[in-house]
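Peer 1:
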Amino acid sequence: MRLTQTFPECMDCLKKLSEEVIQITCGDQNSSVQKEALRGALCIIDEGEKAGLTSPEIANQFLRLIKNISGVKDPYARFKADEIGHAFKIFSEAMRHVGNDLRSVVSFAALGNSLDFFKVPVEALADIPKKVKEGILFHRDDLDRLDEFLSRKSGMILYLTDNSGEIYFDLPLYEYLKKRCKRIVVVVKGGPALNDLTAMEIKQAGLEGVFDEVADTGADGAGVDWKQASEKFLGLLNEADLLLSKGMANFETTYFHALPLPVFFIFRVKCKAMENFLHAPEGSFMAMWRDGHTVG
Numbered sequence: 449m450r451l452t453q454t455f456p457e458c459m460d461c462l463k464k465l466s467e468e469v470i471q472i473t474c475g476d477q478n479s480s481v482q483k484e485a486l487r488g489a490l491c492i493i494d495e496g497e498k499a500g501l502t503s504p505e506i507a508n509q510f511l512r513l514i515k516n517i518s519g520v521k522d523p524y525a526r527f528k529a530d531e532i533g534h535a536f537k538i539f540s541e542a543m544r545h546v547g548n549d550l551r552s553v554v555s556f557a558a559l560g561n562s563l564d565f566f567k568v569p570v571e572a573l574a575d576i577p578k579k580v581k582e583g584i585l586f587h588r589d590d591l592d593r594l595d596e597f598l599s600r601k602s603g604m605i606l607y608l609t610d611n612s613g614e615i616y617f618d619l620p621l622y623e624y625l626k627k628r629c630k631r632i633v634v635v636v637k638g639g640p641a642l643n644d645l646t647a648m649e650i651k652q653a654g655l656e657g658v659f660d661e662v663a664d665t666g667a668d669g670a671g672v673d674w675k676q677a678s679e680k681f682l683g684l685l686n687e688a689d690l691l692l693s694k695g696m697a698n699f700e701t702t703y704f705h706a707l708p709l710p711v712f713f714i715f716r717v718k719c720k721a722m723e724n725f726l727h728a729p730e731g732s733f734m735a736m737w738r739d740g741h742t743v744g
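In my numbering, the protein residues as written are 449 to 744.
1) For the beta strand (DSSP E) that contains R738, what are its first and last residues?
2) If you run the structure through DSSP and keep just helix, strand and coil, what is S693?
3) Please go through the same chain and pick out, in chain order, the residues whose beta-carbon is closer than 6 Å to the beta-carbon of L594, but skip the five residues on each side of it.
4) Can you give the beta carbon distance from A557 to K680, rounded, assuming they're within the 8 Å contact cut?
5) Report yes or no: do three or more beta-carbon pairs, one from the stretch 490 to 506 and one from the stretch 529 to 548, lie closer than 8 Å?
6) Any chance you could list the beta strand (DSSP E) runs of at least 3 consecutive residues sitting entirely within the stretch 574 to 638, in chain order?
7) For L513 and I493, which I take to be in contact (beta-carbon distance under 8 Å), what is that distance rounded to the nearest angstrom?
8) Of all the options D664, D564, A489, which has the alpha carbon lying nearest to the alpha carbon of A647?
9) Regarding E614 and the ligand ATP, is the C-beta to nearest heavy atom distance less than 7 Å?
10) With a floor of 4 residues, list each alpha helix (DSSP H) that falls wholly inside the stretch 671 to 733, ordered by position along the chain.
11) Whole-angstrom Cβ separation of P569 and G613, contact assumed at under 8 Å?
12) Just mark H727 as buried or exposed, buried being the case when its beta carbon has 16 or more other beta carbons within 10 Å.
13) Let's see if you can read the secondary structure: which residues bound the alpha helix (DSSP H) around A542?
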């Protein structure tokens, strides 16, 4: 069952997003450009709902349209820079309280997923230092499955990233996994997609050279845009033994996608639609294992 088919309220969120991006990209332009972008975006949202597309699939279509109409290729560039700056400050403060065990580093990575393009970074990150000290409980806790996998099969892991500032909070988990697998590849977006991480943001974050291997999805879309994914990324998937997926958009686009390898999802539940789908309170954290198989 597709998320947009189940929860029509996703459409309200998509309309809000389209209006926000149009304001960012077309705010100083004439109203005819704004109207053209809005008409096109609303049409895409309506058609996407009828076709049963996921929210990220619909968003990716109208984001590309708005970029083309406005000529602004990276609408969230300033937002990402601000997010990276604030995330580094919080990371630096909280890192000393993070343990070296699997649960601690996964919890820290999950807390990093509190970042959201609908919230200013200061607000999104405000409670992280406190939560690091207190610890978090996962509403869905499959950490034992991940630990079992790492003990049994130390092969290749693809680490699918999400928000730009979140990458700092991924560092302890990355270092932990690096010690327990033969190869780990960090995957970023192939181009600007909301506030998501690209190779450019890795550079801005001062993390060039930190990761052994960095690849991208080949697409400038939220989540994984499977129709636009590059042959290189798909080839890495065929080689990998595990896909570690951060964030809600990656969950939405990957959970229903048939993959032969297992996937471990780490994310925070950020909306009512996902709360209803997962039967998990908004604001709760998920550490979810999915076996590799065809999902219907």
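A virtual CB, placed ideally from N, CA and C, is assigned to each residue, including glycine.
Peer 2: Straight from the coordinates:
1) Residue mapping note: residue 738 aligns to position 290 of the sequence shown, counting from 1. Its beta strand (DSSP E) spans residues 733 to 738.
2) As a working mapping, residue 693 is identified with position 245 in the sequence shown. Secondary structure at S693: strand, using DSSP grouped into helix, strand and coil.
3) Walking along the sequence shown from the start, residue 594 turns up at place 146. Answer for L594: F712, listed in chain order.
4) Working through the sequence shown from its first residue, we reach residue 557 at position 109. Working through the sequence shown from its first residue, we reach residue 680 at position 232. Taking 8 Å as the upper bound for CB-CB distance, A557 and K680 are not in contact here, some 25 Å apart.
5) With fewer than three CB-CB distances shorter than 8 Å, the stretch 490 to 506 does not count as touching the stretch 529 to 548.
6) Every unbroken stretch of the beta strand (DSSP E) spanning 3 or more residues and falling wholly within the stretch 574 to 638 is given here in chain order: 586 to 589, 604 to 608, 631 to 636.
7) Reading the sequence shown from its first residue, position 65 is the one you call residue 513. Reading the sequence shown from its first residue, position 45 is the one you call residue 493. Wrong, their Cβ atoms sit about 11 Å apart, outside the cutoff.
8) Walking along the sequence shown from the start, residue 647 turns up at place 199. Considering only alpha carbons, the answer is D664.
9) This structure does not include the ligand ATP; it has no bound ligands of any sort.
10) As far as the stretch 671 to 733 is concerned, its whole alpha helix (DSSP H) runs of at least 4 residues are 679 to 687, 696 to 702, 720 to 726.
11) In the sequence shown, residue 569 corresponds to position 121, counting from 1. In the sequence shown, residue 613 corresponds to position 165, counting from 1. Correct: roughly 6 Å between the Cβ atoms.
12) To locate residue 727, count along the sequence shown from 1; it is residue 279. Looking at its Cβ environment, which holds fewer than 16 other Cβ atoms inside 10 Å, H727 is exposed.
13) Position 94 of the sequence shown, counting from 1, holds the residue named residue 542. Where A542 is concerned, the enclosing alpha helix (DSSP H) stretches over 525 to 542.
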